[in-house]
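A quick write-up on the structure given underneath.
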Amino acid sequence: MPESPSSISTTELVAQYSQGFNDAVLTSHGVASALGLWVLLALIAPDAQGDDRKALEVALGTTAEDAARRATELLESPHPALASATALWFNPDYLNERFSQFSVDVPEVLTQGPMPDQAAADAWASEHTYGLIKKFPVVVQPLTAVVLASALATKANWVVPFYDEDIKSLGGEFADQTAAALRAPEAHWISIIRSEEQTSEL
Numbered sequence: 086m087p088e089s090p091s092s093i094s095t096t097e098l099v100a101q102y103s104q105g106f107n108d109a110v111l112t113s114h115g116v117a118s119a120l121g122l123w124v125l126l127a128l129i130a131p132d133a134q135g136d137d138r139k140a141l142e143v144a145l146g147t148t149a150e151d152a153a154r155r156a157t158e159l160l161e162s163p164h165p166a167l168a169s170a171t172a173l174w175f176n177p178d179y180l181n182e183r184f185s186q187f188s189v190d191v192p193e194v195l196t197q198g199p200m201p202d203q204a205a206a207d208a209w210a211s212e213h214t215y216g217l218i219k220k221f222p223v224v225v226q227p228l229t230a231v232v233l234a235s236a237l238a239t240k241a242n243w244v245v246p247f248y249d250e251d252i253k254s255l256g257g258e259f260a261d262q263t264a265a266a267l268r269a270p271e272a273h274w275i276s277i278i279r280s281e282e283q284t285s286e287l
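Spelled out as structure tokens, the structure:
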């Protein structure tokens with residue numbers, strides 16, 4: 086059973102979830118957000134029943150109601166540096182009574198509406214990620230019935246920023262194939278990780 090809701094912070098819950106998420110999803114080079122999925126699962130968890138609900142509560146690390154409350158608070162009062170949004174889109178042709186009840190039960194912070202076309206989905210992704218993600222990662226097709234989406238983005242600045250490097254000064258076999266390069270100031274600490282056993286520091 087999940088721990089008492091008052092005994093652990095939301096940050097710790099998401100960190101715990103991230104361990105299994107990263108092992109399952111990040112099997113190769115890539116970028117994914119455990120927080121984005123945790124929030125979505127938390128918002129729909131109260132509507133789950135039986136073994137599905139139990140499995141969600143184990144994954145979320147707390148009760149369904151508590152997880153939904155925490156996710157709602159995160160979305161209603163995001164950090165000023167964070168852009169965040171969630172959406173539930175559906176094709177009305179595929180609605181049934183059970184889904185209709187589900188759509189009523191989920192927290193209002195989960196924006197709902199008819200299935201957008203690809204251009205509208207792309208615009209939603211761009212709007213809620215500071216323009217960093219310009220294309221929605223799901224291809225919206227005529228038979229797409231339901232899409233549950235989250236968007237999270239932040240912009241960060243280095244205290245000591247990188248600066249543009251003259252490509253010609255790089256040398257080496259890849260210089261001619263490089264369009265742009267940044268050089269880190271000497272104030273930066275840089276670590277190149279080759280494997281779990283080997284680490285080089287520059």
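Under our numbering, think of the first position of the sequence shown as 86, with each following residue one higher. Using N, Cα and C, we set each Cβ at its ideal position, and we do this for glycine too.
Taking the Cα positions, Thr96 is about 16 Å away from Glu142. Annotation: the region 99–131 contains the following complete segments of the alpha helix (DSSP H) (minimum length 4 residues), in chain order: 119–129. Inter-residue distance for Met200 and Phe259 is about 45 Å (C-alpha atoms, whole angstroms). Going by DSSP, Trp243 is part of no beta strand (DSSP E) at all; its letter is neither H nor E. Rounded to the nearest whole angstrom, the C-alpha separation of Thr239 and Val116 is 14 Å. Rounded to whole angstroms, Trp209 and Asn242 show a C-alpha spacing of 24 Å. Following the DSSP letters along the chain, one finds Ser169 inside the beta strand (DSSP E) bounded by residues Leu167 to Phe175. Around the CB of Pro131, 16 or more other CB atoms lie within 10 Å, so the residue is classed as buried. Between Val232 and His273, the C-beta gap is not smaller than 8 Å, which leaves the two residues out of contact.
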